[in-house]
Amino acid sequence: MKIHNKRFETKTTPKSLAIITAKDASHVQATIKCAKSNNIQIRIRSGGHDYEGFSYVSDISFVIIDLLHLNSVDLNLQDETAWVESGATIGKIYYTIAKKNNSLAFPSGVCSTLGAGGHFSGGGYGNLMRKFGLSVDNIIDAKIIDVNGNTLDRKSMGEDLFWAIRGGGGASFGVILSWKLKLVQITPQVSVFNVKRNMDEGATDVVYKWQLVAPKLHKDIFIRVQHNVVKISGKKIVQVSFIGQFLGTIERLIPLVSESFPKLALKKSDCFLMPWVNSTLFWYDKPIGTPLEALLDEPKYPHPMYLKGGSDSVNKPIPKEAIESIWKSMIEGETLFMQWNPDGGRMEEILPSETPFPHRAGNLFLIQYLNIWIEESSRAIERHVNFSRSFHEFITPYVSNSSREAFFNYRDADIDANHPSNVTKIDIAKAYGSKLFKGNFERLINVKAKVDPKNFFRYEQSIPATRSYESQI
Ligand SMILES: Cc1cc2nc3c(=O)[nH]c(=O)nc-3n(C[C@H](O)[C@H](O)[C@H](O)COP(=O)(O)OP(=O)(O)OC[C@H]3O[C@@H](n4cnc5c(N)ncnc54)[C@H](O)[C@@H]3O)c2cc1C
43 MKIHNKRFET KTTPKSLAII TAKDASHVQA TIKCAKSNNI QIRIRSGGHD
93 YEGFSYVSDI SFVIIDLLHL NSVDLNLQDE TAWVESGATI GKIYYTIAKK
143 NNSLAFPSGV CSTLGAGGHF SGGGYGNLMR KFGLSVDNII DAKIIDVNGN
193 TLDRKSMGED LFWAIRGGGG ASFGVILSWK LKLVQITPQV SVFNVKRNMD
243 EGATDVVYKW QLVAPKLHKD IFIRVQHNVV KISGKKIVQV SFIGQFLGTI
293 ERLIPLVSES FPKLALKKSD CFLMPWVNST LFWYDKPIGT PLEALLDEPK
343 YPHPMYLKGG SDSVNKPIPK EAIESIWKSM IEGETLFMQW NPDGGRMEEI
393 LPSETPFPHR AGNLFLIQYL NIWIEESSRA IERHVNFSRS FHEFITPYVS
443 NSSREAFFNY RDADIDANHP SNVTKIDIAK AYGSKLFKGN FERLINVKAK
493 VDPKNFFRYE QSIPATRSYE SQI
């Protein structure tokens, strides 16, 4: 059973009536028809990575459509495109592209086991975004099965629905079977590094400066900052990793970084040159030299970890004292870590209304919070989830709190969610919808009203089909 988060694999977690592992579009069509006539909810699963388990758990009677067998990746090298089915992992997509042509790539996420279905329909955020934007900025067609069982492509679904499924989440609109990707030209060799600084070695200054420079660096450079609590000589401290990538050689990277970000003190010996496809393994924390076939590895189930995620946007630098108090709070909480991902570059050139993903111009960086633990017990779950919640509250003054934001793919039920999920309350939907989609939420409601007016495709954070204040059942 493809469950990527042990939080949703307990004795009390509701189980589905059936799992339909579709091998053909007709299996999806038949399931929709049957579920509709029996008033059963559908959950759609591709890679199963949803942080809140929305692709495989519901609090009312449900069946799962699992697309794992629909996982082909078909390249067209002539026009530099690929049709990929939703059950394909991004690791398989990277691998297939690179095996055929190592000067082509596709911008998407870091974890190679993510499914194309959920990852792309939520945006697809990764380390090529400052150069090329998100996955959805490079998707040019898709095939979806709608509420009436029709298979539609871009032309037959129309531009509104095609817009909505590129960042508004697929599961509010239908079952997406496949995507057509416009591949991007990549330099054959990229430079990568992972430089660590500890809080007692002046890391605060480097992180502060990073906020000012990372979103403004040349768009070929992407430097993520990861904040982890580590134990050194029995003492807990925060260690910061500057994980970076440059689309070019080390010789060109060093002067660029020394000039704009000297505080990082990046050295030639910190950097490694490798083909882009190998860099995807480096980002996934695999040792250098790991064979490319590791991109095809399946995740191990039962999954060993419990997880609680979340996100925020930041549009003004966080002061040094605040950075230190945030770290102090992390040390007290133990297993929560943060990734800060810089915006700017191509992300700033794309209008926030071009896709449902609105967190573009004006943002400095996006924070991802991840609390991952292995301790087994319901009390441990409660303790860790409560800590994530209190940390999110604590960091409020430093993030875009005038209108708090959240990224769809870093799913967090705490930004509000409908329970039970067969009732979509508009006030609750507005609470999560405004954070996830800002000004795009209204257009998403219009699309939903047009393509699924009876709200068949629904879940805890789906798009409502009406603005009316009545509950939609
Ligand atoms: C270890 C890890 C690393 C991650 N790294 C990144 C990252 O680098 N960048 C990033 O952007 N995100 C990242 N994520 C978040 C990830 O993108 C989302 O969880 C995404 O939804 C996963 O897609 P999936 O198909 O694997 O998930 P699923 O759990 O299968 O689906 C997630 C959501 O999409 C819906 N859905 C799935 N398939 C379809 C379909 N075919 N049609 C319609 N709706 C569908 C589901 O119903 C559910 O609502 C990461 C998550 C994990 C666990």
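Heads up: the sequence shown begins at 43 in the working numbering, then just goes up one per residue. Quick reminder that beta carbons are idealized off the backbone N, C-alpha and C, glycines included.
Considering only C-alpha positions, which residue in the set the options is nearest to residue i?
| i | options | result |
| --- | --- | --- |
| Lys53 | Glu418, Asp454, Ile468, Cys153 | Glu418 |
| Asp4 | Trp125, Ile86, Leu119, Lys477 | No answer is possible for residue 4: it lies beyond the span of the chain, which begins at 43 and ends at 515. |
| Lys44 | Ser445, Gly90, Met380, Val70 | Gly90 |
| Val178 | Arg208, Ala307, Asp458, Asp262 | Arg208 |
| Lys490 | Asp188, Thr322, Asp262 | Asp188 |
| Gly386 | Pro394, Phe407, Val237 | Phe407 |
| Ala245 | Val217, Leu315, Glu363 | Glu363 |
| Asn80 | Val70, Val105, Ser100 | Val105 |
| Arg49 | Thr466, Ile414, Lys273 | Ile414 |
| Val267 | Gly211, Lys261, Leu259, Trp252 | Trp252 |
| Pro359 | Tyr343, Gly404, Leu378, Phe324 | Gly404 |
Could you compute how far the alpha carbon of residue i sits from the alpha carbon of residue j?
| i | j | result |
| --- | --- | --- |
| Trp369 | Gln281 | 9 Å |
| Glu391 | Phe399 | 13 Å |
| Tyr501 | Ala213 | 8 Å |
| Asn118 | Glu335 | 22 Å |
| Ile74 | Thr193 | 12 Å |
| Pro304 | Phe284 | 13 Å |
| Lys278 | Glu374 | 9 Å |
| Asp327 | Ser510 | 47 Å |
| Thr438 | Asp116 | 45 Å |
| Ile457 | Glu435 | 11 Å |
| Phe498 | Lys78 | 7 Å |
| Leu306 | Gly157 | 35 Å |
| Glu127 | Ser367 | 45 Å |
| Trp205 | Ser163 | 10 Å |
| Thr155 | Ile139 | 16 Å |
Taking only heavy atoms of ligand 1 into account, decide whether any of them is closer than 8 Å to the Cβ of residue i.
| i | result |
| --- | --- |
| Tyr518 | Beyond the ends of the chain as shown, which are 43 and 515, falls residue 518; an answer cannot be given. |
| Gly77 | Note that residue 77 corresponds to Ala in the displayed sequence, not to Gly. Checking every heavy atom of ligand 1 against the Cβ of Ala77, none is found closer than 8 Å. |
| Arg431 | no |
| Phe148 | no |
| Ser426 | A small fix is needed here, since residue 426 is His in this sequence, not Ser. False, no ligand heavy atom lies under 8 Å from that Cβ. |
| Gly159 | yes |
| Tyr411 | no |
| Ser283 | no |
| Thr155 | yes |
| Ile86 | yes |
| Arg453 | yes |
| Phe174 | no |
| Phe50 | no |
Thinking residue i and residue j are a contact (beta carbons under 8 Å), I'd like their distance in whole angstroms, please.
| i | j | result |
| --- | --- | --- |
| Ala455 | Glu94 | 5 Å |
| Asp92 | Arg453 | 6 Å |
| Pro384 | Phe264 | 7 Å |
| His426 | Tyr348 | 7 Å |
| Pro346 | Ile416 | 6 Å |
| Ala124 | Leu223 | 5 Å |
| Leu315 | Ile292 | 6 Å |
| Val248 | Trp318 | Wrong, their Cβ atoms sit about 27 Å apart, outside the cutoff. |
| Val493 | Phe215 | 6 Å |
| Pro506 | Ala471 | 4 Å |
Tell me the DSSP bridge mates of residue i?
| i | result |
| --- | --- |
| Asp108 | Thr63, Arg87 |
| Lys238 | Ser283 |
| Asp312 | None, per the DSSP bridge assignment. |
| His120 | According to the sequence displayed, residue 120 carries Gln and not His. According to DSSP, which records beta bridges pairwise, Gln120 is partnered with nothing at all. |
| His269 | Val282, Met380 |
| Ile414 | Leu349 |
| Ser220 | Glu127, Lys185 |
| Thr193 | Ile187 |
| Gln231 | Pro317 |
| Asp494 | Answer is none; Asp494 lacks a bridge partner. |
| Phe96 | Beta-bridge pairing links Phe96 to no other residue. |
Does the beta carbon of residue i sit closer than 9 Å to a beta carbon anywhere in chain B?
| i | result |
| --- | --- |
| Ser463 | No chain B appears in this structure, which consists of one protein chain only. |
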